[in-house]
Amino acid sequence: MLVLEGVSRRFGAKSAVEGVELSIERGSFIGVIGRSGAGKSTLLRMINRLIDPTSGRIALDDVDVSALRGKELREWRARCAMIFQQFNLVGRLDVLTNVLMGRLNKVPTHRSLMRLWSDEDIAIALTALEQFDMGSFAAQRADQLSGGQQQRVAIARALVQEPEIILADEPIASLDPRNTKLVMDSLSRINRDYGITVFCNLHSLDLARAYCGRLIGMSQGRVVFDGGPFDLTEDVARQLYGLEAGDVIDMPEEMPAAVVAAQAATPPVLAAH
Amino acid sequence: MLVLEGVSRRFGAKSAVEGVELSIERGSFIGVIGRSGAGKSTLLRMINRLIDPTSGRIALDDVDVSALRGKELREWRARCAMIFQQFNLVGRLDVLTNVLMGRLNKVPTHRSLMRLWSDEDIAIALTALEQFDMGSFAAQRADQLSGGQQQRVAIARALVQEPEIILADEPIASLDPRNTKLVMDSLSRINRDYGITVFCNLHSLDLARAYCGRLIGMSQGRVVFDGGPFDLTEDVARQLYGLEAGDVIDMPEEMPAAVVAAQAATPPVLAAH
Amino acid sequence: MATSLKALPAERLAALSGAYASEMRAKRLNTLMFGAAIVIAAIASGWIAEVNLTKFVTHIGAFFSYFDRLATLDTGARVWTDIAEWFWGLKKWSLLLLDTMLIAYVGTIVGALGGFLLCFAASSNLMPNWWIRNAVKRFLEFCRTVPEIVFALIFVIAFGLGPIPGVLAIAIHTAGALGKLYSEVVENIDMKPVEGAVSSGGSWPEMIGFAVVPQVISNFASYTLLRFEINVRGAAVMGFVGAGGIGQDLIEAIRKFYYSDVSAILLLIIGTVMIIDLVTERLRHRLLGAGGQT
Amino acid sequence: MSRTSLRAVALADMNGLRTRHTAEFAVPRERVIAIAIVAAMIGLFAFALYRFEFSLTRIINGIGNLGSFVPLMFPPSPGSWPRAWLFLHALAETVAIAFLGTLLAAILAFPLGFLAARNTTINRVVQFMSRRMLDSVRGVDALIWALIWINVVGLGPFAGVLAIMSSDIGAFGKLFSEAIEAADNKPVEGVTSSGGSHLQQVRFGVLPQVLPVIAGQILYYFESNTRSSTIIGIVGAGGIGLHLSEMIRTLEWPSVSFIICLILVTVAVIDAVSGRIRRAIVGPVPQDAH
Amino acid sequence: QDWKAKYPELVFAIIPAENASGVTERYTPFVNYLSKELGIKVSLRIANDYAAIIEGQRSGSIHIASYGPASFARAVTAGVKVEPFAIETGIDGSKGYHSVLWVKKDASYQKIEDLKGKNLCLVDPNSTSGNNVPRFAMNKLGIDPDKFFGKVVYAGSHENAVIGVQQGTCDAAFNWWNDEQESNLLRMDRKKMVKAEDFRMIFKSEQIVNSPIAYLAALPADLKKSIRDAVYNVHTRDKAAFDKIYEGKQGPLVPVDVEAYKPVIELIKFVDTLRKKSGS
Ligand SMILES: Nc1ncnc2c1ncn2[C@@H]1O[C@H](COP(=O)(O)OP(=O)(O)OP(=O)(O)O)[C@@H](O)[C@H]1O
Ligand SMILES: Nc1ncnc2c1ncn2[C@@H]1O[C@H](COP(=O)(O)OP(=O)(O)OP(=O)(O)O)[C@@H](O)[C@H]1O
Ligand SMILES: [Mg+2]
Ligand SMILES: [Mg+2]
Ligand SMILES: O=P([O-])([O-])[O-]
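This is the structure:
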């Protein structure tokens, strides 16, 4: 059970996350939704302890995560893998080494510093890459990849961590439909088969509804919605995305409203499956 | 009329774009679709001349764009604004200055270097920012913004260029449904009202179908599809995303296939409009 | 091993890891050969430089003998027992120090401006033209290789004795040194913002001003202030053109074995260096700002 | 044609924009401060020129004399073949001493650089102390370092190596630490988030970014020690610096220019090698990277 | 001899004199000669700064050193235990050089006293002939340079001082001068930097005693004796080596003791008294 108690974070005068109270069951698949700037990334980063809450407390099964230090903190981070919105790869290192970063906590420091990875680790990393069609890029430098390729490397890095919690910050933003499905399915699979808790920031409500067992809606740093995928009514969505106030944008008239409304989709072929 | 004749680009041994032949009418809204790594970004970057084709020719109304140099090249770039997949903002500068960079070609160099922007330029930049709810971030450093906020700044920068062509590389990847609509609508509006040609790399086929007058599908550097939004049949999509070969990914059974298929959506409220 | 990743067929795995290993082998071999070359060069240099570790170890105690004398007054007492006697020349030295800083300031400013204007043309990522780039590089090398003393002599003949020829010589050397260091920083920048500026039709100077300078300014500041520090300490030229300065007083004290003077002046200089460093630190952290977090 | 509605909207709403964004239209405070600082710097500059009795007429009159001395240096000539050989030999010796001194300084300064950088240090106290220590090492004149090491190992090239080493540690420590502080934090976060220790963050997040910069700095100091080889001359190791100052002292200008040319060639070679090494570390300039 | 076990190698160090070039080439045969005579290895070290040699002798790592007169005196006042044993001589047997004061040929000044309120160029604070001797001499004349002259400038080098007079920056400049055949001015003339006939000498100091060779006082007596024996006889036993050093322009190395350097040591002590006067 992961518990957030009154967690807040400010940047200077700006409050990015405010008074978040949550209890998350082990093995949940949580979708975090909300407008750009709502504080979704900040929330995930606090759980991984990349940034510390200004106030409040994060705890897992009575362990106060927000008080961990040193080795324990590193172990906590290894247990909750993070997939970053902007990938955060090391551009000058090759793809495989970037993925192997996910195993740092499991390798003796002196070996990792010399980059003496075991065959097993390499096999795990290659497996993760291959799962997302990136096996053949293993020796390429990360900064020479296309956007979607970088994103897949970042996801592979998180998976090889063999974590208990996955914090995925818009893991599919730069991905094409096929890779979107690949990624979401594998998150779903490890969630289901191994009981790994998944937090996933998503902009697509349909995906959120399809994959997540529980949705958390954020607005201006606060949790304004918390419920099952089918509790997310039109009104809630309205409020979440601030669409109630007179919508200033005019819609291109020549387009069917329904089509405009659908934001994205896997090719219809899939729908026919 | 923008014409691409046998345009190719290789990186070392790797061919990113190969033998692309296209003629684009002025005022078209082109959607470029295809798998991650298909060469979409590379294609757009070549049109803006950020990278040069290894072979082939790009021409606008008989002007050989691929041969422009110096001032003419800069003017060409000013005429075709680029929205980057990874935003390409200057993290250490404030948001407003980042947007005002879109006006560099219209301001004498000595004034711009002293940051002596005219009130008119500032007004244009602020209007563009406000249009995407970013007015209040004008003075903040760009590297302190959330992902979606950065993306909106990048879009504002392109718009203040007052371009004739907009090259948008996944402009909505990090955006929430409301901002997605805001952005796509304004692209659509300036395309319709001012006859500005728009190239838009998109991963969402629904959005592509809804907004684009013509779709170009790329695969492994080649154009494999070119047609209207309703020519994009299931078969074509299958081929484009390489789904024909036995789909290795198993789908989470407990989910309704139709829901799984839809990749994303604006909240249903909008559909009701 | 229990893993949440689906295992890969053995032959596919072998193929992938084989491909990776062979790509890496070349790189690794390069690294190894490079390392070996360094070690061999170091051993050869050690032989030429008559490195003698036994001598070093047996006499290392003497390392402190000079410091010991530095801490002793002419009277034989420790310096700190009589601060007034130790810093008898405080007023004179402080004035000299200020004077020297003024000279170093002008020389550094002029030189840094020169180096700044030239460094972009010497960077391979911003100046694709081989000829211009190399011409600028060679020019910068010339500026820093011709000894300051020679420039100073030329300027003394042209403009007469006084600080001006010294300042000019310092400025030329500074331009050559900073131009090179700056250009290496520029070669290491992130090119994404550069593309951002270029894609909207910005001119070359605008690209530099908006996309490059914000990225490099903190490193430039650090190099410039280090050079300022070097120029403050640098004695040779200013002494040579008859402009004196704290450096010359220090050298004089060293040569005449006025040990307590040496330590006093040294402390003044170290204090100055620390102040400059603290200022640089604040300045740089301001320029670097909070850093990207999202 | 290229008038988007943006401009129309902006101009129509000028007053609204002004009230909503007074700060953006006003001259920013930072600009005022910056202008004040620049003005103060120019003022100090002007004061300095006045103090140095700078006069334009003196400069203009002097410009004519500027070239009068240069012809004495042409054509560059060593004087005799054995002397040319001697110079070459001294140069080779200098390169060796400078190489070893710089290498040792770099090795010793490397950990110090990480301790002195805000983002990689252990704690603030360690950082503060490391920086002040580096300041002190830098503050001690090279001549003093030379004298100190002469006491230990006597006159000779070894003392030169040690003196170069000690006086460069301070500069390296400072330069390394500042390059480290300027590194991008995103890759570091990537390593941190997967449980990487401090050492691993540095190794995988920071090091790949700063290695090219550090390599450049080391090679620069190698070059610098080669060309300004005064210490080597002081400690009695000969070297090219000794010959250069001797030639200047005895006014043998063609030999002076000959030696300068020799050093120039050496510097150009070091520069070429340095370029190759840095490219090997940086990889091909990722101009087209995404 | 038992000192051979204790001193398997001797170090001979020199400072390049301000008026000679090719130190390495010139001294190598001499050092080889010493080595042959003593039967042990003698290595040559040339240091560009005499402070380095003094430190080296203090730490015992330099056994024999060829000093300038002032630097030898400095070593003595710095408390290093060294003994001078040989001195260079001129071809006429003279044992010194001079500090002289140059003015422009057509200037009206005839002696130092005429320069009241004018500008004076000294060389640098460390120079014997360009600073220490002139100050000592003027002190004897009852002149306090800092009050007497309009401005006293350290020109930085002997050459700069001459150039200063030529350009009018100063009205007079001190410089080194051996004899009618050799001086810095003549050398600059030969290198076409100035014309010697444009200058006139209005002061010549007493002779500054020539450079000594000194060894560590702590060396064994018989080693010292062997060294002396070798050095005094080099011009006969190895004429080639001897001629290589002095190119036939100087006489043999002759015995000397510290007594001959008392005046220079006095001079140095005088200079030290100036130290704190110039301050605060
Ligand atoms: N380092 C920082 N300094 C100042 N403000 C920050 C910083 N990081 C984030 N913010 C602000 O905090 C707010 C929340 O940011 P966050 O990144 O959590 O949003 P988000 O919900 O992830 O948005 P998006 O969907 O656009 O990624 C934003 O308004 C952002 O500008
Ligand atoms: N600088 C480079 N060096 C080497 N290969 C590169 C470079 N830039 C791109 N590539 C390769 O070229 C191919 C096409 O890249 P591109 O960025 O155009 O893809 P994309 O269609 O935009 O993909 P995405 O949807 O993931 O952004 C990719 O396989 C990529 O790895
Ligand atoms: Mg975010
Ligand atoms: Mg792309
Ligand atoms: O050019 P520098 O040797 O002074 O760095």
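Chains as they are written, first to last, in the numbering used here: chain A, 1 to 273; chain B, 1001 to 1273; chain C, 2001 to 2294; chain D, 3001 to 3290; chain E, 4001 to 4280. Virtual Cβ for every residue (Gly too), placed ideally from N, Cα, C.
Between residue i and residue j, how many whole angstroms is the CB-CB distance? I'm expecting something under 8 Å.
i, j, result
"Phe-1199(B)", "Ala-1173(B)", "At roughly 15 Å, the Cβ-Cβ gap does not stay under 8 Å, so Phe-1199(B) and Ala-1173(B) are not in contact."
"Leu-1043(B)", "Val-1020(B)", "7 Å"
"Ser-2124(C)", "Arg-2133(C)", "6 Å"
"Ser-4061(E)", "Leu-3155(D)", "7 Å"
"Thr-3094(D)", "Ser-3274(D)", "Actually they are not in contact, since the Cβ atoms of Thr-3094(D) and Ser-3274(D) sit about 17 Å apart, beyond 8 Å."
"Gly-3241(D)", "Ile-3097(D)", "No, Gly-3241(D) and Ile-3097(D) are not in contact; Cβ-Cβ is about 10 Å, not under 8 Å."
"His-4063(E)", "Leu-4115(E)", "The pair is not a contact, with the Cβ atoms about 46 Å apart (cut-off 8 Å)."
Span of the beta strand (DSSP E) holding residue i?
i, result
"His-4098(E)", "4096 to 4104"
"Thr-1197(B)", "1197 to 1201"
"Val-224(A)", "222 to 227"
"Asp-169(A)", "165 to 169"
"Trp-4176(E)", "4172 to 4179"
"Ile-33(A)", "29 to 34"
"Gln-4250(E)", "4250 to 4255"
"Ile-4213(E)", "4212 to 4216"
"Lys-4041(E)", "4041 to 4046"
Could you spell out where the alpha helix (DSSP H) holding residue i opens and where it closes?
i, result
"Tyr-4033(E)", "4023 to 4038"
"Pro-2193(C)", "2192 to 2199"
"Trp-1076(B)", "1070 to 1079"
"Asn-4126(E)", "No alpha helix (DSSP H) contains Asn-4126(E), which DSSP labels as neither H nor E."
Use the C-beta contact count for residue i: other C-beta atoms within 10 angstroms, 16 or more gives buried, fewer gives exposed.
i, result
"Asp-1250(B)", "The predicted model places Asp-1250(B) with a pLDDT of 32, which falls under 50 and marks its position as unreliable; any figure quoted below should be read in that light. Exposed: under 16 other Cβ atoms inside 10 Å."
"Tyr-1211(B)", "buried"
"Lys-4111(E)", "exposed"
"Leu-1996(C)", "Outside the displayed range of chain C (2001 to 2294) lies residue 1996(C), so it cannot be described from this structure."
"Pro-252(A)", "Because the pLDDT at Pro-252(A) is just 35, under 50, the model does not fix this residue reliably, and the value given afterwards should be weighed accordingly. Looking at its Cβ environment, which holds 16 or more other Cβ atoms inside 10 Å, Pro-252(A) is buried."
"Ile-4054(E)", "buried"
"Leu-2117(C)", "exposed"
"Gln-4207(E)", "exposed"
"Glu-1162(B)", "buried"
- Does the stretch 2156 to 2173 of chain C come close enough to the stretch 4147 to 4166 of chain E to have 3 or more Cβ pairs within less than 8 Å? yes
- Item | 3-residue-minimum beta strand (DSSP E) runs that sit fully inside the stretch 59 to 143 of chain A, ordered along the chain | 80 to 83
- Message: With a threshold of 8 Å, are at least 3 pairs of Cβ atoms found where one atom belongs to the stretch 2242 to 2258 of chain C and the other to the stretch 3136 to 3153 of chain D?
- Response: yes
- Query: Just checking, does the stretch 4082 to 4091 of chain E make contact with the stretch 4022 to 4036 of chain E on the three C-beta pairs under 8 Å criterion?
  - Reply: no
- Message: Whether or not the stretch 56 to 72 of chain A and the stretch 223 to 230 of chain A are in contact is what I'm after, with contact meaning three or more pairs of Cβ atoms, one per stretch, closer than 8 Å; do they touch?
- Response: no
- Message: By the 8 Å beta-carbon criterion, what residues does the stretch 2015 to 2027 of chain C contribute toward chain H?
- Response: Among the protein chains in the structure shown, which are A, B, C, D and E, there is no chain H.
- Task: Determine, using beta-carbon pairs with one atom in the stretch 150 to 169 of chain A and one in the stretch 85 to 98 of chain A, whether at least three such pairs fall under 8 Å.
- Result: yes
- Message: So, does the stretch 1012 to 1028 of chain B touch the stretch 1179 to 1197 of chain B, judging by three or more C-beta pairs under 8 Å?
- Response: yes
- Query: Are three or more beta carbon pairs between the stretch 1073 to 1084 of chain B and the stretch 1032 to 1051 of chain B nearer than 8 Å?
  - Reply: yes
- Cβ contact (3+ pairs, closer than 8 Å) linking the stretch 2205 to 2218 of chain C and the stretch 2141 to 2151 of chain C: no
- Contact the stretch 129 to 138 of chain A vs the stretch 109 to 116 of chain A: 3+ CB pairs below 8 Å: no
- Do the stretch 2151 to 2164 of chain C and the stretch 3038 to 3058 of chain D touch if we need at least three Cβ pairs shorter than 8 Å? yes
- Do three or more CB pairs link the stretch 4131 to 4141 of chain E to the stretch 4224 to 4235 of chain E at distances below 8 Å? no
- Message: Counting beta carbon pairs with one atom in the stretch 4159 to 4167 of chain E and one in the stretch 4215 to 4230 of chain E, are three or more of them shorter than 8 Å?
- Response: no
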